[in-house]
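Remarks on the structure that follows.
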Amino acid sequence: MSGFVAELNSAGDNALQEETRVAADDDLEGVAGRARELTAKFEFSRQHAADLIQHPRTSRSPRTSRSYKQADLHEQTHKLPTNMPSPPRPPSHHVVYMRQALDLARKSPPKPTNYRVGALLVDAQANTVIATGYTLECDGNTHAEQSCFIKLAKRHQVAEDALADVLPGGTVLYTTVEPCFKRLSGNLPCVERIIRLGNAIKTVYVGVKEPEKFVGENTGRKQLEDAGIEVILVHGLEKEILEVATAGHIKGA
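Below you can see the structure in the form of structure tokens.
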């Protein structure tokens with residue numbers, strides 16, 4: 001064991017000499033600080049060797065060594081550059097689907113009497129789109145959600161009221177503007193169309209609340225929630241959605 005201590009002393013002296021030589025080009029304050037750090041490490045190693053000689057089987061490194069590593073790591077963490085840009089975070093799948101609905105809304109002809117809206121029916125379990133629609137896509141004064149239902153019913157050769165029989169479990173609806181609760185044209189509001197499907201659609205994701213320009217405050221959300229259908233607002237595209245929705249409106253009107 002005495003040979004081990006001698007080797008340790010020799011290695012410590014050599015390490016101290018080497019580190020001092022490497023640091024010679026640094027400023028004096030840096031050299032002094034580095035020398036103090038090496039001296040502390042060397043003294044700790046000498047003390048640890050003495051402990052091993054006195055208690056060869058039960059001696060353990062002082063707890064301060066473990067604390068020192070944690071404090072050193074914490075200090076190094078704070079020394080990392082703080083001006084580095086964070087990596088971009090991928091958009092949530094809700095935003096991705098909402099942007100697809102927004103792209104559909106752009107296909108709607110701009111008119112002063114309606115909002116340009118896009119909608120998707122999505123199988124949330126399979127993560128696939130099962131129907132799409134936008135305002136005035138189908139014949140008549142059709143809304144985006146209504147166009148989804150019309151096209152899907154035609155594909156399955158069933159009535160719109162029977163869509164609950166063909167919709168997969170976990171179907172959700174994405175629409176850029178919250179579904180209408182009242183139609184000035186007398187057509188069935190989209191909120192009622194959704195409710196009539198029972199629990200076939202359990203969640204409705206909306207990009208923005210409907211502006212109060214045409215029918216006042218939209219109470220459709222309460223109707224949907226009272227029917228057990230969750231309504232969730234997807235943030236991030238509000239400005240674009242409103243610009244597209246009102247593209248055909250007369251400014252200031």
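If you count the sequence shown from 1, position 118 lands on 118 in the UniProt record's numbering, and the numbers rise without skipping. Note that the Cβ used here is the ideal one computed from N, Cα and C, for glycine as well.
Buried or exposed for residue i, please, with buried defined as at least 16 other CB atoms from any protein chain shown within 10 angstroms of its CB.
| i | result |
| --- | --- |
| Pro109 | exposed |
| Val96 | exposed |
| Thr64 | A caution first: Thr64 carries a pLDDT of 40, below 50, which makes its placement in the model unreliable, though a value can still be read off. Label assigned to Thr64: exposed. |
| His143 | buried |
| Ile232 | exposed |
| Gly118 | buried |
| Thr128 | exposed |
| Glu230 | exposed |
| Leu184 | exposed |
| Ala126 | exposed |
| Thr82 | Per-residue confidence for Thr82 stands at a pLDDT of 49, beneath the threshold of 50, marking its modelled position as unreliable; no derived number is given. |
| residue 287 | Beyond the ends of the chain as shown, which are 1 and 253, falls residue 287; an answer cannot be given. |
| Arg99 | buried |
| Arg116 | buried |
| Thr113 | exposed |
Between the options, which has its C-alpha nearest residue i's C-alpha?
| i | options | result |
| --- | --- | --- |
| Val206 | Leu120, Lys107 and Lys111 | Leu120 |
| Arg196 | Glu240, Arg99, Gln146 and Thr132 | Gln146 |
| Gly220 | Pro112, Val177, Arg116 and Ala245 | Val177 |
| Thr246 | Val208, Ile229 and Ala162 | Val208 |
| Thr203 | Leu188, Glu210, Pro189 and Asp226 | Asp226 |
| Pro189 | Lys151, Gln100 and Leu224 | Leu224 |
| Val244 | His94, Leu102 and His156 | Leu102 |
| Ile194 | Ile130, Asp161 and Ser185 | Asp161 |
| Glu192 | Cys180, Arg116 and Pro168 | Cys180 |
| Val123 | Met98, Thr171, Asn199 and Cys138 | In the sequence as displayed, the identity of residue 123 is Asp instead of Val. Looking at the Cα atoms, Thr171 is the closest of the given residues. |
| Tyr174 | Gly133, Lys222, Pro112 and Asn114 | Gly133 |
| Asn199 | Glu240, Leu167 and Pro211 | Leu167 |
| His93 | Val234, Leu242 and Ile241 | Val234 |
| Glu238 | Cys148, Lys111, Pro211 and His156 | Pro211 |
| Lys111 | Leu136, Ile130 and Ile150 | Leu136 |
| Phe149 | Leu104, Asn187 and Leu163 | Leu163 |
Quick one: what does DSSP say residue i is sitting in, helix, strand or coil?
| i | result |
| --- | --- |
| Val234 | coil |
| Ser153 | The residue you asked about is not Ser; residue 153 is Ala in the sequence shown. Three-state DSSP puts Ala153 in a helix. |
| Gln76 | Reliability of the predicted coordinates at Gln76 is poor, the pLDDT of 38 falling under 50, and no value is obtained from them. |
| Gly220 | helix |
| residue 319 | Nothing in the structure corresponds to residue 319, since the chain is present only between 1 and 253. |
| Arg183 | coil |
| Leu188 | coil |
| Arg193 | helix |
| Ala247 | coil |
| Asp26 | At Asp26, the pLDDT of 49 sits below 50, so the modelled position is not reliable and the matter cannot be decided from this model. |
| Thr64 | In this prediction, Thr64 has a pLDDT of 40, which is less than 50 and means its spatial position is unreliable; what the coordinates show is noted afterwards. Thr64 falls in the helix class under three-state DSSP. |
Have a look at the DSSP bridge pairing and note the partners of residue i.
| i | result |
| --- | --- |
| Tyr97 | The partner list for Tyr97 (beta bridge, DSSP) is empty, contrary to what the question assumes. |
| Ile208 | Per the sequence shown, the amino acid found at residue 208 is Val instead of Ile. Per DSSP, Val177. |
| Ile201 | Thr171 |
What ranges does the beta strand (DSSP E) occupy inside the region 105-177, keeping only unbroken runs of at least 3 residues that lie completely in it? The beta strand (DSSP E) runs lying completely inside the region 105-177 and spanning 3 residues or more are 118-123, 128-134 and 171-177, given in chain order.
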